Amino acid sequence: MIGPPRGPIILAPDDPPDAFPEPGHAMREPDGLLAVGGDLSSERLLAAYRRGIFPWFSDGEPILWWSPDPRCVFRPGQVRVARRLRRTLRSSPVRVRINTAFDDVITGCAGPRSYTEETWITSEMKRAYCRLHTSGVAHSIEAWDGERLVGGLYGLAIGGVFFGESMFSATRDASKIILVHLSRWLEKQKFGLIDCQVASAHLISMGAILMPRSDFVEELGPLCARSHDRTLWESGREIGF
């Protein structure tokens, strides 16, 4: 049996958007590195996501494309709500809305964290996902306390999959509130997966599961082929329960 290649393939900017190798050819170390180069055109990004591939790189690096194994995902409606968070959901004044502040959300996600000043959301990445937002594919889910944005999450909706990219909180539990509301709302809309890409202790504590890459990619085909009503993502829609 032929194993994965010794290194990632090199993509040229003028290569066809879908010129990716199969995700199973990704490297084992670093886990999931599949390709280098290409561009961040909307066409290439959509082709990548539909095959379980995403870009992740820092300033000064070439574009790096990844498909890790296993994949961290949520099943919509199955986010775990701890007792304290349940109390917060009942008492919090925070409201969750869609697509009213995409630029602010992606800027918040790109901001410094308590543990690092670095960010992988480069200016090139921001422009690419703002283009996808303009075309109706990338969306922001926002936590508002009155007129103040206190948290946000952004990602792509393709068929019956929501591909989460990043989230931030300016107040305690804001991103958790968003995730709970989004998960339950996507369940009502018959979405099949919420992709979180790479596992963290925080995501696992909230009910995320680790799915073998082969299973994840197999599910993506029919799920991404589904049609869904784009009016679901109209600006200002409030989601909650």
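Quick note on the working numbering: the sequence shown kicks off at 241 and runs consecutively.
Even glycine gets a Cβ: it sits at the ideal position worked out from N, Cα and C.
Predicted model only: the values in this text are computed from it and were never measured.
Using only the alpha-carbon positions, how far apart do residue i and residue j sit?
| i | j | result |
| --- | --- | --- |
| Val377 | Tyr394 | 11 Å |
| Gly400 | Met407 | 20 Å |
| Ala410 | Cys349 | 10 Å |
| Leu274 | His442 | 26 Å |
| Ile249 | Trp360 | 21 Å |
| Arg327 | Pro257 | 47 Å |
| Phe294 | Glu459 | 16 Å |
| Val457 | Gly292 | 6 Å |
| Phe260 | Ile417 | 36 Å |
| Gly351 | Arg412 | 16 Å |
| Val334 | Leu251 | 44 Å |
| Leu389 | Asn339 | 12 Å |
| Val438 | Gly461 | 20 Å |
| Ser440 | Arg311 | 11 Å |
By Cβ distance below 7 Å, which residues in the same chain neighbour residue i in space, the five residues on each side in sequence not counted?
| i | result |
| --- | --- |
| Gly272 | Ala266, Trp306, Ser307, Pro308, Asp309 |
| Gly404 | Leu393, Gly395, Ile434, Asp435, Cys436 |
| Pro263 | Leu274, Arg291, Gly292, Ile293, Ser307, Arg453, Val457 |
| Trp296 | Leu304, Trp306, Trp360 |
Considering just the uninterrupted stretch of the beta strand (DSSP E) at residue i, what are its terminal residues?
| i | result |
| --- | --- |
| Ala397 | 388-398 |
| Glu405 | 401-409 |
| Val313 | 311-314 |
Which stretch, first to last residue, makes up the alpha helix (DSSP H) that contains residue i?
| i | result |
| --- | --- |
| Val276 | Counting along the chain, Val276 falls outside any alpha helix (DSSP H), though it belongs to the beta strand (DSSP E) covering 273-277. |
| Glu474 | Note, Glu474: premise wrong, no alpha helix (DSSP H); not H, not E. |
| Leu286 | 282-290 |
| Asp455 | 453-465 |
| Ser363 | 363-374 |
Which residues in the same chain as residue i place their Cβ atom closer than 8 Å to its Cβ, once the five residues preceding and following it in sequence are excluded?
| i | result |
| --- | --- |
| Ser423 | Phe314, Pro316, Gly317, Gln318, Val319, Ile434 |
> At a cut of 8 Å, does the stretch 418-433 reach the stretch 363-372 through at least three beta carbon pairs?
Replying inline: no
> How do the stretch 269-279 and the stretch 462-472 stand: do at least 3 beta-carbon pairs fall below 8 Å, yes or no?
Replying inline: Contact between the stretch 269-279 and the stretch 462-472 is absent, because fewer than three Cβ pairs lie under 8 Å.
>> Three Cβ pairs or more, each shorter than 8 Å: is that satisfied between the stretch 282-299 and the stretch 379-390?
In response: no
> At a cut of 8 Å, does the stretch 311-322 reach the stretch 437-453 through at least three beta carbon pairs?
Replying inline: The stretch 311-322 makes contact with the stretch 437-453, as at least three CB pairs between them are under 8 Å.
>> At 4 residues or longer, what runs of the alpha helix (DSSP H) sit wholly inside the stretch 423-451?
In response: 441-445
> Which runs of the alpha helix (DSSP H) spanning at least 4 residues fall entirely within the stretch 296-347, listed in chain order?
Replying inline: 323-331
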